[in-house]
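Asks: Once you've had a glance at the structure underneath, I'll fire off some questions.
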Amino acid sequence: MGNEHLPDEVTRGLDAWSRSGPLGRRVVANLRAEHFLTDEQRTILLEAIGESAQAGTDAIAQAYEQQCWYIVRQPVGGFVQQPPRRLGRAADRERLVAAIEKANRITGQEAREVVDVLSRGEELEGRQARYHLNAYNAWVTWHENDPDGDPFVFVQHGEPDEVRACLGLPASTDQMLLLDYRRINLRLQRPTVAHAALHPYFEPPMPGSDHGWTSPWKPDRCASIGGSGFNPLPRPEALHGRARTIGRALQVRALP
Amino acid sequence: MTRAYLDRLAGPEAAGVQLAGFDALNEDDWFGLVRDLAGGDPSLYDALHVTRGESLDEWLAAHVRRLGVGTRALAGAGVDRLLLAARTSRSQSELVAALEIAAAVKATRRVDLYHDLILSDRFVGDVAETAARILAQLDPPGPLQFWTQERVLDRAELVPWAAHAFALHDPERLFSLLIAATPPGDPSSLEFPFTLAYRKLLAAGRGEDLRRMIAGLPDGVRTVAHEVAGFREFAGARLTEAVADLAALVRSPRKVADQVLLICRPRLLNRFNTVSTGAVWRGRRERFMAELTSNFERRVEELAAEVRQGHPGAELRVFGALDECFDQTREELRKKIELEAGETGSIESSEG
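Those protein sequences? They're chains L and P, same order as listed. Start counting the first sequence at 1; every next residue gets the next number (our numbering). Start counting the second sequence at 257; every next residue gets the next number (our numbering).
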């Protein structure tokens, strides 16, 4: 999108949004740096910005976000060509419960029990063994040098914020769960701005990249992690669609 | 309407959303929050530290679960106002969005509102089912009689939620409810209600009655009830009962064998599917189970004879006997199948 000619209303919308605050600045910069959307997908996002430009930056953000959700209903960004066999997903406990409840349209109590069973390292039985782990696309990481290696090899201090910092997840006081499972019948998508939508911790993959890299917390936010001087490093990242629990050799580890 | 809730919830990025902030919200604040969440206000993703790939209702659910009862009640009052506004607007999309938020909160002062959403024919099917899912989870529950109306029990999509409500609050009546109800399209949706009901009935020492209650259920529903009884959580207690029956010789050995096989059937089938791959076994699962039943019944007869002769602990060998019978039956049947195939020349390939 760098130097191409854009309609005036799109340019006005991008400029206004970029000046509106840190999130707008980040999203617009990411949109300019995005390489893996098709022309049609990029046009959809730009048109949403142009059409809502006169209504203000809140309207721009809302229209943009809605079109992001629309676009990612189909695979976007291309598939990872050399995917790992073992995947890791980090989630706060209650966020995982909420995701499982929504994905399977079950009660909160049942979703909580599913997470408890998985956390104890036991197998799910009956229909629970076929439940989905996520309602929407799931963001995952892995061991960058070993396709069968521990996806959380980077965790040195065993602290939840260490994981959140490296993966660019929001701060929380909830217990963190690390899900470790086999990539069976799952295709990994390269992440794009459409997947990130309005999430501030994201950087689009560079041209030629097979997958994305996380956008970690700034070091000055990590003062309390591992004593001091913790410097979070980016981790490989991609997304997959809805995944069932069954047959994945799923292990769940809790961090305090 | 102000967005005062943001001042209390949207703390510094490094701290994330603090649960104490929710306790400071009044009913107006809650209404503002749930209204903006239902409307998909984009500024909330950043302000409330919503994580990647998470929807706003999931964010709310994850936080509400960790709040105290009083705070959740205020949240419920805010949601009631949102639902009333959506119902008045007659916009199905607004109503669906409001219900997604209501499903995250699961609290209300207006149970009648949910009754109306479930029973009214003014709304699309999803509305009734989602409202029923929320209503079934309320604590304290609304009146249980609501679920026993024909207008509810005739609708298969509502029956699992009626079952859930009864499993939580009156598990004994769950069984008569399911006899009167239209069976759900997917009977396995009753697994969790059965799980909840068994826990309560077993804790109340009603395990013996459970057999009678299950026996009266309609076919598909009864199958699910039996399968749940074979889950890890319940199988242990039921197998202990079977062993006690065998030790006391109060039941015929054949009935004890059938009982153990019924409890263990899901696990036996699972084991069969895992180890018996290849053309030799294709379509032969039921034959295997029939022969296993026959072999196991004979073995339990032998164990019962040992019990009669006063051999201490003979009844405890029933579990090991089942494993032995499984392996023995499999080996014998494999030989038989290969022999039959050799005679007819129809064998396709050896066991996988």
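Just so it is clear, CB atoms sit at the ideal spot from N, CA and C, and this is done for glycine as well. For clarity, every value in this text was computed on a predicted model and none was experimentally measured.
1. Starting from residue 307(P), follow its DSSP beta bridges and name the residues at the other end.
2. CB-CB under 6 Å to residue 118(L), same chain, minus the five flanking residues each way: which ones, in chain order?
3. What in chain L is Cβ-close to residue 299(P), meaning under 7 Å?
4. Measuring CB atoms only, is the stretch 201 to 215 of chain L touching the stretch 225 to 243 of chain L, in the sense that at least three cross pairs come out at less than 8 Å?
5. Just to confirm, is the Cβ distance from residue 589(P) to residue 547(P) under 8 Å?
6. For a test of the three-state rule: what should DSSP assign to residue 603(P), helix, strand or coil?
7. Using a Cβ cut-off of 9 Å, which residues of the stretch 392 to 412 of chain P contact any Cβ in chain L, in chain order?
8. Could you spell out where the alpha helix (DSSP H) holding residue 337(P) opens and where it closes?
9. So residue 206(L) is in the alpha helix (DSSP H); what residue range does that whole segment cover?
10. Can you find at least 3 beta carbon pairs, one from the stretch 95 to 112 of chain L and one from the stretch 160 to 167 of chain L, that sit closer than 8 Å?
11. Look at the alpha carbon of residue 373(P) and the alpha carbon of residue 452(P), and state the distance between them as a whole number of angstroms.
12. May I have the straight-line CA-CA distance separating residue 503(P) from residue 457(P), to the nearest angstrom?
13. Would you kindly report the start and end of the unbroken alpha helix (DSSP H) that includes residue 286(P)?
14. Give a yes or no on whether 8 Å exceeds the smallest Cβ distance from residue 521(P) to chain L.
15. Taking DSSP as the reference, what is the three-state secondary structure of residue 181(L)?
16. Inspect the beta-carbon positions of residue 320(P) and residue 361(P) and report whether they are closer than 8 Å.
17. List, in order along the chain, the chain P residues whose C-beta lies closer than 9 Å to that of residue 181(L)?
18. At a Cβ threshold of 8 Å, is residue 53(L) touching chain P?
19. Using the DSSP secondary-structure output, state which residues sit across from residue 142(L) in a beta bridge.
20. Using a Cβ-Cβ cutoff of less than 6 Å, which residues in the same chain neighbour residue 607(P) once the five nearest sequence positions on both sides are dropped?
21. Tell me which residues share the same chain as residue 63(L) and place their Cβ nearer than 8 Å to its Cβ, disregarding the 5 neighbours each side in the sequence.
22. Comparing the C-beta of residue 203(L) with each C-beta of chain P, is any distance below 8 Å?
23. Once you ignore the five residues that flank residue 104(L) on each side, which residues in its own chain have a CB closer than 7 Å to its CB?
24. Measuring alpha carbon to alpha carbon, tell me which residue in 187(L), 46(L), 126(L) is nearest residue 71(L).
25. Please report whether the beta-carbon of residue 108(L) lies at a distance below 8 Å from any beta-carbon of chain P.
26. Spatial neighbours of residue 234(P) within its chain, please: C-beta separation below 6 Å, excluding the five flanking residues on both sides.
27. Which residues does DSSP list as the beta-bridge partners of residue 92(L)?
28. Given this structure, state the Cα-to-Cα distance separating residue 604(P) from residue 583(P), to the nearest angstrom.
29. For a minimum of 4 consecutive residues, which ranges assigned as the alpha helix (DSSP H) are wholly contained in the stretch 428 to 460 of chain P?
30. Taking only three categories from DSSP, how would you classify residue 273(P)?
31. For residue 189(L), name the three-state secondary structure that DSSP assigns.
32. Thinking just about the alpha-carbon of each residue, which of 338(P), 391(P), 342(P), 346(P) is nearest to the one in residue 108(L)?
33. Span of the alpha helix (DSSP H) holding residue 420(P)?
34. For residue 257(P), which three-state DSSP category applies?
35. The ligand HEM and residue 370(P): does any heavy atom of the ligand fall closer than 7 Å to the residue's C-beta?
Replies: Checking against the coordinates, here is how it stands:
1. For the purposes of this step, residue 307(P) is identified with residue 51 of the second sequence, where counting begins at 1. Looking at the DSSP assignment, residue 307(P) forms no beta bridge with any residue, so it has no partner.
2. If you number the first sequence from 1, residue 118(L) lands on position 118. Counting only Cβ-Cβ distances below 6 Å, and skipping sequence neighbours, we find 252.
3. On the second sequence, residue 299(P) is found 43 positions in, with the first residue counted as 1. In chain order: 58, 61.
4. yes
5. Working through the second sequence from its first residue, we reach residue 589(P) at position 333. Working through the second sequence from its first residue, we reach residue 547(P) at position 291. Going by C-beta atoms, residue 589(P) is nearer than 8 Å to residue 547(P).
6. Against the second sequence, residue 603(P) aligns to sequence position 347. Residue placement at residue 603(P) cannot be trusted, given a pLDDT of 48 that sits under 50; the coordinates are not used to answer.
7. 392, 393
8. Translated into the one-based positions of the second sequence, residue 337(P) becomes position 81. Element bounds for residue 337(P): 325 to 345.
9. The count along the first sequence starts at 1 and reaches residue 206(L) at position 206. Run containing residue 206(L): none; DSSP gives neither H nor E here.
10. no
11. Sequence index remark: in the second sequence, residue 373(P) carries index 117 (1-based). Sequence index remark: in the second sequence, residue 452(P) carries index 196 (1-based). Rounded to the nearest angstrom, the two C-alpha atoms are 26 Å apart.
12. As a first step, residue 503(P) must be located in the second sequence, where it is residue number 247. As a first step, residue 457(P) must be located in the second sequence, where it is residue number 201. Their Cα atoms are separated by approximately 24 Å.
13. Mapped onto the second sequence, residue 286(P) falls at position 30. That run of the alpha helix (DSSP H) goes 283 to 294.
14. If you number the second sequence from 1, residue 521(P) lands on position 265. With 8 Å as the cut-off, residue 521(P) does not count as an interface residue toward chain L.
15. Position 181 of the first sequence, counting from 1, holds the residue named residue 181(L). Note: residue 181(L) maps to strand in three-state DSSP.
16. Position 64 of the second sequence, counted from the start, is the residue given in the question as residue 320(P). Position 105 of the second sequence, counted from the start, is the residue given in the question as residue 361(P). In contact: residue 320(P) and residue 361(P) (Cβ atoms closer than 8 Å).
17. By 1-based counting over the first sequence, the position of residue 181(L) is 181. Residues of chain P passing the Cβ test: none, with the nearest at roughly 17 Å.
18. Residue mapping note: residue 53(L) aligns to position 53 of the first sequence, counting from 1. Taking Cβ atoms only, chain P never reaches closer than 8 Å to residue 53(L), which makes this a no.
19. Locating residue 142(L) in the first sequence gives position 142, where the first residue counts as 1. Answer is none; residue 142(L) lacks a bridge partner.
20. Your numbering for residue 607(P) matches position 351 in the second sequence. Model confidence at residue 607(P) stands at a pLDDT of 38, short of 50, so the residue's coordinates are unreliable; what they give is reported in the following sentence. Answer for residue 607(P): 534, 536, listed in chain order.
21. Here residue 63(L) refers to the residue found at position 63 when the first sequence is read from its first residue. 48, 49, 51, 52.
22. As a position in the first sequence, residue 203(L) is number 203, starting the count at 1. Cβ-Cβ to chain P under 8 Å: no for residue 203(L).
23. Taking the first sequence and counting its residues from 1, the one referred to as residue 104(L) is at position 104. For residue 104(L), where only same-chain residues beyond five positions count, the Cβ hits under 7 Å are 131, 132.
24. Within the first sequence, the letter at position 71 stands for residue 71(L). When only C-alpha atoms are compared, the closest one is 46(L).
25. Translated into positions along the first sequence, residue 108(L) becomes position 108. Answer yes: the Cβ-Cβ gap between residue 108(L) and chain P drops below 8 Å somewhere.
26. Summary: the structure shown does not reach residue 234(P), with chain P confined to residues 257 through 608, and so no result is reported for it.
27. Translated into the one-based positions of the first sequence, residue 92(L) becomes position 92. Its beta-bridge partners are 176(L).
28. The residue you call residue 604(P) lines up with position 348 of the second sequence. The residue you call residue 583(P) lines up with position 327 of the second sequence. Summary for residue 604(P): the model assigns pLDDT 45, below 50, so the residue's position carries little reliability; its value from the coordinates is reported in the next sentence. Residue 604(P) and residue 583(P): Cα-Cα distance of roughly 23 Å.
29. 447 to 459
30. Position 17 of the second sequence, counted from the first residue, corresponds to residue 273(P). Residue 273(P): coil per DSSP, three-state reduction.
31. By one-based count along the first sequence, residue 189(L) stands at place 189. Strand at residue 189(L).
32. Start at 1 with the first residue of the first sequence, and residue 108(L) comes out as number 108. Among 338(P), 391(P), 342(P), 346(P), the Cα nearest to that of residue 108(L) belongs to 391(P).
33. Stepping through the second sequence from its first residue, residue 420(P) is reached at position 164. Segment 415 to 425, the alpha helix (DSSP H) holding residue 420(P).
34. In the second sequence, residue 257(P) corresponds to position 1, counting from 1. In this predicted model, residue 257(P) has a pLDDT of only 46, less than 50, meaning its place in the structure is not dependable; the value taken from the coordinates is given anyway. Reduced to three states, the DSSP call for residue 257(P) is coil.
35. The ligand content of the structure shown is nil, which means the ligand HEM is not present either.
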